[in-house]
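Trainee: Residues in the sequence shown are numbered consecutively from 177, following our numbering. All residues carry an ideal CB built from backbone N, CA and C; glycine is no exception. Just so you know, these numbers come straight off a predicted model, no measurement behind them. This is the structure, below, for whatever I ask next.
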Amino acid sequence: TKTSFTTRSPTCIHVPAALCNTVGIQTRTVFAQRFTKNEKRQRLAMRRKAAAKTKRNDRVWRIRTGDEVFVEGKMFADPDDKFSRGAKGVVQLVDRIKATAFVTGVGVKEVEKRSSQTGQNFVKHVNTPVPYDSLYLLDPVDGQPCGSKFVRNEDGRIVRISTRSGEEIPFFEREPTPHSTFECDTLPESVLEVTLSEREIAVVGEYDENRQNLFPEREKQRRLIKKLKRVQRIARKKAQKVENLKLHKIHSNNKKKTAKKPPKKKFYHIR
């Protein structure tokens, strides 16, 4: 019999005789581990989480923010069009940790909420995430969903290419925000303009000369303090080293006194 390593009672499994003969088991009763429903659910969740993590690390993220995509799925399709397989939209955000994306106009839900000011209920439209695996880029030639891959072009730059037509799918580039000028802003033409008078420039020069004359004395004092600290640090290290040697000698002497002699070996004559 084979005992279980857990505190719970083991489960007995009956093995057929044919399998016992092939494997070489003498008994037909085998003890197996038994898990509760909650433990089974936890183990399954851990396996799924590990599988999703390895899949997320191996995935190549070709869809970025601002790309126009096609979301495949009947739940995202137009209910009036029976031939529709999904919906089109623009990617707002890609969550690489959860492998989801937010697409404009896709996955919108109506949520009923209560206003804290008026106390009345109102309906709010919330954009829910969409699985990343259900997104497809649109072909630049005919606008149909297609696959994509990264290729290095003649200039040595990595670009996206459609597997449907072979054309390049450009990345979305945000327009630079225009710089707005205010009344208090300094104009670019007046940045390098000299606004000090000759008298003010002379005062600034005298201040710099006085500062340079005071600087060597301060530097000398700083170096002396630094040297004194270094000497004190070396003296502390030497004192600590001497004290450690004294402790080591005392410990070794005590060890020699208390050491026991090894027992003599006994030899027996074999007859």
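Return the chain-ordered list of same chain residues with a C-beta closer than 7 angstroms to the C-beta of R328, the five sequence neighbours on each side being excluded.
Mentor: In the sequence shown, counting from the first residue as 1, residue 328 sits at position 152. I334, listed in sequence order.
Trainee: Work out the CA separation of V247 and F259 for me, nearest whole Å.
Mentor: In the sequence shown, the residue the question calls residue 259 occupies position 83. In the sequence shown, the residue the question calls residue 247 occupies position 71. Each residue's alpha carbon lies about 15 angstroms from the other.
Trainee: Comparing alpha-carbon positions, which option in S292, S338, G332, P305 lies nearest K285?
Mentor: Within the sequence shown, numbered from 1, the residue matching residue 285 stands at position 109. Out of S292, S338, G332, P305, P305 has the C-alpha closest to the C-alpha of K285.
Trainee: In the DSSP output, what is H301 paired with across the bridge?
Mentor: For the purposes of this step, residue 301 is taken as residue 125 along the sequence shown, with counting starting at 1. H301 is bridged to E286.
Trainee: Spatial neighbours of V282 within its chain, please: C-beta separation below 7 angstroms, excluding the five flanking residues on both sides.
Mentor: In the sequence shown, the residue the question calls residue 282 occupies position 106. Once the five neighbours on either side are set aside, the close Cβ partners of V282 are V247, F252, A263, G265, V306.
Trainee: Could you check what DSSP says for I201 in three-state terms: helix, strand or coil?
Mentor: On the sequence shown, residue 201 is found 25 positions in, with the first residue counted as 1. Residue confidence for I201 is low, a pLDDT of 49 falling below 50, so the modelled location carries little weight; the figure read from the coordinates is stated next. I201 falls in the coil class under three-state DSSP.
Trainee: Taking the alpha-carbon of G242 as reference, which of G295, R340, E343, E351 has the nearest alpha-carbon?
Mentor: Taking the sequence shown and counting its residues from 1, the one referred to as residue 242 is at position 66. Closest option to G242, Cα to Cα, is E351.
Trainee: Do you know how far the Cα of Q218 is from the Cα of E330?
Mentor: By 1-based counting over the sequence shown, the position of residue 330 is 154. By 1-based counting over the sequence shown, the position of residue 218 is 42. Looking at the two C-alpha atoms, the distance is approximately 51 angstroms.
Trainee: Just reading off the beta strand (DSSP E) that Y312 is part of, what are its end residues?
Mentor: As a first step, residue 312 must be located in the sequence shown, where it is residue number 136. Segment 311–314, the beta strand (DSSP E) holding Y312.
Trainee: Just the C-alpha distance for Q296 and V279, rounded to the nearest angstrom, thanks.
Mentor: As a working mapping, residue 296 is identified with position 120 in the sequence shown. As a working mapping, residue 279 is identified with position 103 in the sequence shown. Distance between the alpha carbons of Q296 and V279: 30 angstroms.
Trainee: Do you know offhand how far E343's Cα is from S310's?
Mentor: Working through the sequence shown from its first residue, we reach residue 343 at position 167. Working through the sequence shown from its first residue, we reach residue 310 at position 134. Cα to Cα, E343 sits roughly 22 angstroms from S310.
Trainee: Taking the alpha carbon of T276 as the point to measure from, which residue in W237, V287, V302 has its own alpha carbon closest?
Mentor: Along the sequence shown, one-based indexing puts residue 276 at 100. T276 has its Cα closest to that of W237, out of W237, V287, V302.
Trainee: For R219, which three-state DSSP category applies?
Mentor: For this step, residue 219 is matched to residue 43 along the sequence shown. R219: helix per DSSP, three-state reduction.
Trainee: Decide if L313 is buried, meaning its Cβ has at least 16 other Cβ atoms within 10 Å, or exposed.
Mentor: Position 137 of the sequence shown, counting from 1, holds the residue named residue 313. Label assigned to L313: buried.
Trainee: Taking the C-alpha atoms as reference points, what is the distance between L404 and K414?
Mentor: Here residue 404 refers to the residue found at position 228 when the sequence shown is read from its first residue. Here residue 414 refers to the residue found at position 238 when the sequence shown is read from its first residue. Those two C-alpha atoms are separated by around 16 angstroms.
Trainee: How should D254 be labelled, buried or exposed, when 16 other C-beta atoms within 10 angstroms of its C-beta is the threshold for buried?
Mentor: Position 78 of the sequence shown holds residue 254. Looking at its Cβ environment, which holds fewer than 16 other Cβ atoms inside 10 Å, D254 is exposed.
Trainee: If you run the structure through DSSP and keep just helix, strand and coil, what is Q320?
Mentor: Stepping through the sequence shown from its first residue, residue 320 is reached at position 144. In the structure shown, Q320 sits in coil (DSSP, three-state: anything other than H, G, I, E or B).
Trainee: Helix, strand or coil: how does DSSP classify K425 here?
Mentor: As a first step, residue 425 is located in the sequence shown; it is residue number 249 there, counting from the start. It is helical.
Trainee: Which first and last residues belong to the beta strand (DSSP E) in which R336 is found?
Mentor: Here residue 336 is taken as the residue at index 160 of the sequence shown, counted from 1. First-last of the beta strand (DSSP E) with R336: 334–338.
Trainee: Whose CA, out of K289, G319, K325, lies closest to the CA of V302?
Mentor: Here residue 302 is taken as the residue at index 126 of the sequence shown, counted from 1. Per the Cα distances, K289.
Trainee: By how many angstroms is the C-alpha of S324 removed from the C-alpha of P316?
Mentor: Locating residue 316 in the sequence shown gives position 140, counting from the first residue. Locating residue 324 in the sequence shown gives position 148, counting from the first residue. Each residue's alpha carbon lies about 12 angstroms from the other.
Trainee: Is P352 helix, strand or coil when you go by DSSP?
Mentor: Working through the sequence shown from its first residue, we reach residue 352 at position 176. Three-state DSSP puts P352 in coil, outside helix and strand.
Trainee: Within 10 angstroms of the Cβ of V287, are there 16 or more other Cβ atoms? Answer buried if so, exposed if not.
Mentor: Position 111 of the sequence shown, counted from the start, is the residue given in the question as residue 287. It is exposed - the Cβ of V287 has fewer than 16 other Cβ atoms within 10 Å.
Trainee: Grouping DSSP H, G and I as helix and E and B as strand, with all else coil, what is A208?
Mentor: On the sequence shown, position 32 is the one that residue 208 refers to. In this prediction, A208 has a pLDDT of 48, which is less than 50 and means its spatial position is unreliable; nothing more can be read from the coordinates.
Trainee: DSSP on L255, reduced to helix/strand/coil?
Mentor: For the purposes of this step, residue 255 is identified with residue 79 of the sequence shown, where counting begins at 1. This sequence places Pro at residue 255; Leu is not what is there. Note: P255 maps to coil in three-state DSSP.
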